[in-house]
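Everything on this sheet refers to the single structure shown next.
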Amino acid sequence: MAAVRRLVIDVLKPHDPPLLTFTDQLAEIASVDGATASLIELDQEVQNVKLTFEGDDLDFEAIDETIENLGGSVHSVDQVACGDAVVTDRRTLQDG
Amino acid sequence: MAAVRRLVIDVLKPHDPPLLTFTDQLAEIASVDGATASLIELDQEVQNVKLTFEGDDLDFEAIDETIENLGGSVHSVDQVACGDAVVTDRRTLQDG
Amino acid sequence: MAAVRRLVIDVLKPHDPPLLTFTDQLAEIASVDGATASLIELDQEVQNVKLTFEGDDLDFEAIDETIENLGGSVHSVDQVACGDAVVTDRRTLQDG
Amino acid sequence: MAAVRRLVIDVLKPHDPPLLTFTDQLAEIASVDGATASLIELDQEVQNVKLTFEGDDLDFEAIDETIENLGGSVHSVDQVACGDAVVTDRRTLQDG
Amino acid sequence: MAAVRRLVIDVLKPHDPPLLTFTDQLAEIASVDGATASLIELDQEVQNVKLTFEGDDLDFEAIDETIENLGGSVHSVDQVACGDAVVTDRRTLQDG
Amino acid sequence: MAAVRRLVIDVLKPHDPPLLTFTDQLAEIASVDGATASLIELDQEVQNVKLTFEGDDLDFEAIDETIENLGGSVHSVDQVACGDAVVTDRRTLQDG
Amino acid sequence: MAAVRRLVIDVLKPHDPPLLTFTDQLAEIASVDGATASLIELDQEVQNVKLTFEGDDLDFEAIDETIENLGGSVHSVDQVACGDAVVTDRRTLQDG
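Chains A, B, C, D, E, F and G, in that order, give the protein sequences. Per our numbering, numbering through the first sequence is continuous, rising by one, with the last residue being 159. Per our numbering, numbering through the second sequence is continuous, rising by one, with the last residue being 159. Per our numbering, numbering through the third sequence is continuous, rising by one, with the last residue being 159. Per our numbering, numbering through the fourth sequence is continuous, rising by one, with the last residue being 159. Per our numbering, numbering through the fifth sequence is continuous, rising by one, with the last residue being 159. Per our numbering, numbering through the sixth sequence is continuous, rising by one, with the last residue being 159. Per our numbering, numbering through the seventh sequence is continuous, rising by one, with the last residue being 159.
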């Protein structure tokens, strides 16, 4: 399998654990070099969060499992970069 | 033939295999140095995805075949860069 | 625990102490290398401020406690970057 | 004559040969270091494509001839950079 | 106290002294390495100006006093960067 | 006289000579290091073009004369940079 | 006095002398390293121009006098940067 280098996912999580603890636990996964969480929106019960991971070969199963253990769920996988080179998605004339 | 260095395609795929596995398999093709998939939109049955590939000489037939083997189809080829130099498409006054 | 490297929070604070003193006290926390406060809006009683912190391992409890001691409160945690690498949140096709 | 260093043209082409083959053949022209094609729009019969070429001294006649041999036609020349230095067109207050 | 490294303030000033003299006097303050004034708007009696200061440890009291001596007043403090590192405020998904 | 280093002009030209030949002839002027032409719009009789020139000391009379010899005319001078340093026009709060 | 390092002014000028000669004469002032003029708008009698100057210590009186000798007038001073460091005005959340 080719290495997964960068991953952006859209996650729903409860307010507890708070975003900082949540992100911190995800960054502790062995294959994760760094994780950044950005709040998209929140209501009284859930937070909708965009999570970006970078690593030499990200282990998505471990990420997904950790999110579920923390009470969250992956709503969608929004971007995946795989391979020896990390390819940047640049805007084309077809992007709306 | 001149070398194909960068390729952006618009692809329709079923939900299974998931985007990560799908992209990973494409990044394993010998001529592909890296592949990045970005979700454009999804409905109950399909995902519409923008795929960007980089390599020294991308083999489109192998890419197309792998996509079909994974149950997907190329909807359109949105950008192609060929040659010794990778030319960046910059915005001109004629771009809407 | 993985290191917290960058933190963006949305804070409500009274007019006194003024923003400069407020930010300065937060930048004095041992784990904080630098803090930047940007005014979002103000009315007669409170200021709504975006605070960005960077450090090798930010101590959120100390930050939260200092904000409360200064009469303010954390309204939301808007972004958290954890791990050995500081991952930049880049815009994807899913960002509105 | 001064050297033509960069050229952007708007081209109409039939669906066959496909964009990748089309661009590849243009990148094979001796004076072309690299060629990038971006899809503007397509209907059932034609593709409207933006083509950007770079080289030390681009031979437009050869480019035009190759496009015609491939069944396409140059709709307009949108940008030309000539001379020892490649001058970048930057936005001014007069650009709409 | 942590060092104040960058400061952005919104100032109202009379037309006299003119903006150049006004800014020049502020840049002469010992703790100020550089000051940039940008006109926001003007009416017949006042100018509304955005002032940005940089220095190793800006002395806000001296800045405020000089502005008052020149007939102006600080309308709001819009941004403050404190600490050993100058942290850049980057746009997040929560910025309107 | 100070040196003219960069010049942006708005030009009307007939369709013949075509834009590539037109730009190429302008780039051949001794004082011109590089010239870039960008199509603004065209109708059946004329092309409206934005021309950007760079050089150590651009000779505007020679540029203007060459444009007239090629059947075109300078509609407006949109930007001029003169002096030892090429100063970049950056956006201010007063730009609409 | 602190040094004036960068200056942006809004100027009204007659059509004669033309913008190139006008800018060139301003760039010849001893304290000016470079001057860039950008056309904002023009009507039958006047041109409205944005002028940006850079130098080690710009002499505004000489600039103002030269503009008047050329039949123009300074409509407003839009940006001034003074001091040892040239501070860049960056966008904050308070900029409209």
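Heads up, the beta-carbon is just placed ideally off N, CA and C, and yes, glycines get one too.
As assigned by DSSP and simplified to three states, the class of residue i
i        : result
Asp106/G : coil
Ala90/E  : helix
Closest residue to residue i among the options (Cα-Cα distance)
i        : options                                   : result
Val67/F  : Glu91/F, Leu156/F, Thr115/F and Glu108/F  : Thr115/F
Asp147/D : Ala144/F, Asp158/F, Asp119/F and Glu131/F : Asp119/F
Leu105/A : His138/C, Phe85/C and Gln107/C            : His138/C
Leu70/D  : Leu83/D, Asp127/D, Gly159/D and Glu108/D  : Asp127/D
Leu83/C  : Val150/E, Asp141/E and Gln110/E           : Asp141/E
Gly135/F : Lys113/F, Thr151/F, Glu117/F and Leu121/F : Lys113/F
Asp122/G : Leu133/G, Ile103/G and Cys145/G           : Cys145/G
Val149/B : Leu89/B, Glu117/B and Phe85/B             : Glu117/B
Asn132/G : Phe85/G, Ala65/G, Ile72/G and Gln107/G    : Phe85/G
Ile130/E : Met64/E, Ala65/E and Asp87/E              : Asp87/E
Met64/C  : Ala65/A, Val74/A, Met64/A and Leu89/A     : Leu89/A
Asn111/G : Thr151/G, Gly159/G and Ile72/G            : Ile72/G
Val109/D : Val74/D, Gly159/D and Thr151/D            : Val74/D
Terminal residues of the alpha helix (DSSP H) in which residue i lies
i        : result
Ile130/F : Phe123 to Asn132
Per DSSP, the bridge partner or partners of residue i
i        : result
Gln142/B : Val71/B and Ser101/D
Val112/E : Val74/E and Leu102/E
Asp149/C : Reading off the sequence shown, one finds Val at residue 149/C, where the question assumed Asp. The partner list for Val149/C (beta bridge, DSSP) is empty, contrary to what the question assumes.
Val95/E  : Looking at the DSSP assignment, Val95/E forms no beta bridge with any residue, so it has no partner.
The ligand GTP heavy atom lying under 6 Å from the CB of residue i
i       : result
Pro77/A : What this structure holds is no ligand at all, so the ligand GTP is not there to describe.
Note to self: Between the stretch 71-87 of chain F and the stretch 85-95 of chain C, can you find at least three pairs of beta-carbon atoms closer than 8 Å?
What the structure shows: no
Checklist line | Cβ pair count under 8 Å reaching 3, the stretch 96-108 of chain D against the stretch 139-156 of chain D | finding: no
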